[in-house]
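Below, the structure is given as structure tokens:
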């Protein structure tokens, strides 16, 4: 099974001023992203805030309709989906969000929260649903009896386990993890990261982990995609990208992450400036205003997406 | 590092409790440390470990009446801040001790231009007026490398990016040349590349101004990058304190060791993270002995009975753990 985006774009209109109904411009949140996730792998999507990571996740979850480009599930375009296809897609692709305090309804019991992704059309008997809920709760390391409790009776880490159980209840193939450990205490992060890894091995899941935490992404991801201002700048095997980043932005981003030892204080490439305004991104390569050694064509011409080395893709004029 | 004869700040057995309907919450329960001029001390710990309340206690901003400093001494250049009147404390805050908080969007007033907000502090503490005041404001902003400070003074916080806002609040904090800067998770709201910019700038400004910094963080990467010394906090107490190299190379408390092993690193990939089981403790119902004992892999019977004494692992490296004397007898 494969989940694939081809030339995916999502523009949001900017309205305001006198013409409230007309767009004055477009926020190019995702601007032509092609990426795929295959069964059993983990794709890490890293980038700074405003790079379009979360919008990409929402497109994959069908929570936003793409402005252009298409999404393919098992070779079939989402645009051509019938009713059954949508049901199948929603079963196969699930999500875990960042904040387990806001992603769980405080007025629902855990059993109802976890069972919510299941079809509402009572094709499943209550006994089967209860059995399935108990099973996934045990999978994530909670007791079956937790089903009768409310979210406030759990700690942050346990809540994130409930959110993971909810994602597992439909026997998914793909889980989109949007900053799954950012809201958790440091001592709890390892518990959740290990649980995710364990579940992946046990159930053969594919993950797409979206994170600004480069260490967490590195721990889970087998492949890495780096986003900048709505575009992919580089993809490749995770270890290879960390060992030898090709794009200058990837290099700077990875060097800005702080290693866990004082003697590993290494030469940081400190970028000047900030992520560009997505309404009016710079011409040419979007990274050129922050790159001191930009070539003339970086300023005028958008670089092509190309395979520089086997399995290593980047959009950069240096290659 | 060259040490001045007397430390800038001495904190002795500080205790700050919150009296609530659920019982007494011992947020800070006997914290002691010293800090020298120009030094950076990192307070690390999880949420609820007492790092932020420790900092608020130093400037006497613990939310009252629920919260109260019940014991201890806070000596800034020899004067006990806990004995000062409210009016005297107002002259200490902002002038001798300044703070930078996590989220600059909430610490800056959205309805005032940043020029007004810097000016207020400089006028109050330095009594400047007119041109010297204006010059000092521009100087404070330029020192934190805010481009085009001359026009930016007329802008409002929402017109700045997150990284720039944090520079503005740091400019306010450093505008009166404080002796001590307390930075409470200053980069948590920032992106990694902006965090790198900010930390470099902080270090540079600190070196040129000779200010001591207490940096509160939960991120060991930041500690490794800029701290001279580290104090690891758990359940309201410092469980281990030493120079950054000592603590990273020779972590002596099981909690420190566990924390350092459970984090994913950007350096070499870790195949398996070693989890810390259980949850951080409920501060209203602390166990009798060591609060980390229920989660500790090296637990002994005595750990559940009595809180361990603080022992020296090396000179200037202390830990509070019953297991330490046995394993570190060589020291």
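Protein chains in written order, with the numbering used here: chain A, 3 to 321; chain B, 42 to 372.
Even glycine gets a Cβ: it sits at the ideal position worked out from N, Cα and C.
Closest by C-alpha distance to residue i, when choosing among the options
i, options, result
"residue 115(A)", "170(A), 78(A) and 85(A)", "170(A)"
"residue 342(B)", "257(B), 170(B) and 330(B)", "330(B)"
"residue 111(A)", "85(A), 146(A) and 89(A)", "146(A)"
"residue 117(A)", "139(A), 100(A) and 103(A)", "139(A)"
"residue 246(B)", "312(B), 270(B) and 182(B)", "182(B)"
"residue 318(B)", "194(B), 326(B), 339(B) and 324(B)", "339(B)"
"residue 70(B)", "91(B), 180(B) and 337(B)", "91(B)"
"residue 269(A)", "277(A), 280(A), 254(A) and 275(A)", "254(A)"
"residue 243(A)", "344(B), 310(B) and 294(B)", "310(B)"
"residue 58(B)", "312(B), 178(B) and 111(B)", "111(B)"
"residue 294(B)", "274(B), 308(B) and 312(B)", "274(B)"
"residue 9(A)", "35(A), 94(A) and 27(A)", "35(A)"
"residue 33(A)", "142(A), 304(A), 165(A) and 251(A)", "304(A)"
"residue 49(A)", "297(B), 355(B), 335(B) and 234(B)", "234(B)"
"residue 52(A)", "237(B), 203(B), 285(B) and 334(B)", "203(B)"
"residue 103(B)", "327(B), 60(B) and 129(B)", "60(B)"
"residue 73(B)", "158(B), 336(B) and 116(B)", "116(B)"
"residue 86(B)", "316(B), 291(B) and 297(B)", "297(B)"
"residue 118(B)", "220(B), 286(B) and 259(B)", "220(B)"
"residue 101(A)", "205(A), 203(A) and 165(A)", "165(A)"
Same chain, Cβ closer than 8 Å to residue i, five either side skipped, listed in chain order
i, result
"residue 78(A)", "87"
"residue 151(B)", "197, 198 and 199"
Extent of the continuous alpha helix (DSSP H) run through residue i
i, result
"residue 93(A)", "85-94"
"residue 180(A)", "Taken as a continuous stretch (DSSP letters only), residue 180(A) belongs to no alpha helix (DSSP H), being part of the beta strand (DSSP E) at 176-180."
"residue 289(B)", "285-290"
"residue 275(B)", "First-last for residue 275(B): 270-275, but that is the beta strand (DSSP E), not the alpha helix (DSSP H)."
"residue 56(B)", "It is not in any alpha helix (DSSP H) - residue 56(B) instead sits in the beta strand (DSSP E) that spans 50-61."
"residue 40(B)", "Lying outside 42 to 372, the shown extent of chain B, residue 40(B) is not represented and no answer is given."
"residue 95(B)", "92-99"
Residues near residue i by beta carbon distance below 7 Å, same chain, minus five either side
i, result
"residue 122(A)", "none"
"residue 207(B)", "145, 227, 231 and 239"
"residue 48(B)", "75, 76 and 77"
"residue 12(A)", "31, 32, 57, 61, 66, 68 and 69"
"residue 129(A)", "none"
Residue i: CB within 7 Å of a non-hydrogen atom of the ligand FMN
i, result
"residue 232(A)", "Of the ligands one can find in the structure shown there are none, so the ligand FMN has no counterpart to examine."
Extent of the continuous beta strand (DSSP E) to which residue i belongs
i, result
"residue 253(A)", "It is not in any beta strand (DSSP E) - residue 253(A) instead sits in the alpha helix (DSSP H) that spans 250-258."
"residue 317(A)", "314-317"
"residue 299(B)", "Looking at the DSSP string, residue 299(B) is not in any beta strand (DSSP E); the run it does join, the alpha helix (DSSP H), is 295-303."
"residue 74(B)", "64-76"
"residue 108(B)", "108-117"
"residue 71(A)", "70-75"
"residue 347(B)", "Per DSSP, residue 347(B) belongs to no beta strand (DSSP E) and is neither H nor E."
"residue 352(B)", "351-355"
"residue 361(B)", "358-361"
"residue 83(B)", "81-85"
Contacting residues, own chain, Cβ-Cβ under 6 Å from residue i (five flanking each side not counted)
i, result
"residue 73(A)", "7 and 80"
"residue 100(B)", "134 and 138"
"residue 82(B)", "76, 255 and 270"
"residue 277(B)", "67, 68, 69, 70 and 91"
"residue 309(A)", "315"
"residue 37(A)", "7 and 227"
"residue 364(B)", "339"
"residue 247(A)", "253 and 256"
"residue 250(A)", "293"
> If you pair each beta-carbon of the segment 84-104 of chain B with each one of the segment 49-62 of chain B, do three or more pairs fall below 8 Å?
Replying inline: yes
> Mind pulling the beta strand (DSSP E) runs of 3 or more residues that sit fully within the segment 199-243 of chain A?
Replying inline: 208-213, 225-230 and 233-239
> Whole alpha helix (DSSP H) runs in the segment 129-162 of chain B with 4 or more residues, listed along the chain?
Replying inline: The alpha helix (DSSP H) runs of length 4 or more contained entirely in the segment 129-162 of chain B are, from start to end of the chain, 145-148.
>> Report the start-end ranges of each beta strand (DSSP E) in the segment 118-167 of chain A that is 3 residues or longer and not cut off at the edges.
In response: Complete beta strand (DSSP E) runs here, min 3: none at all.
> Counting Cβ pairs, one atom from each stretch, are 3 or more of them under 8 Å apart for the segment 217-230 of chain B and the segment 136-146 of chain B?
Replying inline: yes
>> Using a Cβ distance threshold of 8 Å, determine whether the segment 299-310 of chain B contacts the segment 253-266 of chain A, with at least three qualifying pairs required.
In response: Remark: three or more beta-carbon pairs, one from each stretch, lie closer than 8 Å, so the segment 299-310 of chain B and the segment 253-266 of chain A are flagged as touching.
>> Check whether the segment 193-212 of chain A and the segment 149-168 of chain A are in contact - that is, three or more C-beta pairs closer than 8 Å.
In response: yes
>> Measuring CB atoms only, is the segment 34-48 of chain A touching the segment 222-231 of chain A, in the sense that at least three cross pairs come out at less than 8 Å?
In response: yes
> Which ranges would you report for the beta strand (DSSP E) in the segment 191-261 of chain B if only whole runs of at least 3 residues count?
Replying inline: 221-225 and 253-258
> Do the segment 71-88 of chain B and the segment 243-259 of chain B make contact, defined as three or more Cβ pairs closer than 8 Å?
Replying inline: Verdict: yes, contact present.
> At a cut of 8 Å, does the segment 273-281 of chain B reach the segment 356-367 of chain B through at least three beta carbon pairs?
Replying inline: yes
>> Just to confirm the assignment: which complete beta strand (DSSP E) runs, minimum length 3, are found wholly within the segment 14-60 of chain A?
In response: 27-40 and 44-48
>> With a threshold of 8 Å, are at least 3 pairs of Cβ atoms found where one atom belongs to the segment 198-206 of chain A and the other to the segment 231-238 of chain A?
In response: The segment 198-206 of chain A vs the segment 231-238 of chain A: no contact.
> Can you find at least 3 beta carbon pairs, one from the segment 213-222 of chain B and one from the segment 261-270 of chain B, that sit closer than 8 Å?
Replying inline: Contact fails: fewer than three Cβ-Cβ distances are below 8 Å.
> Considering only residues of the segment 272-321 of chain A, which uninterrupted alpha helix (DSSP H) runs meet the minimum length of 4 residues and lie entirely inside it, listed in chain order?
Replying inline: 298-302
> Counting Cβ pairs closer than 8 Å, one from the segment 271-288 of chain A and one from the segment 296-312 of chain A, do we hit at least three?
Replying inline: Pairwise C-beta distances place the segment 271-288 of chain A in contact with the segment 296-312 of chain A, as three or more of them are shorter than 8 Å.
> Counting pairs of beta carbons, one from the segment 173-181 of chain A and one from the segment 57-75 of chain A, are three or more of them closer than 8 Å?
Replying inline: yes
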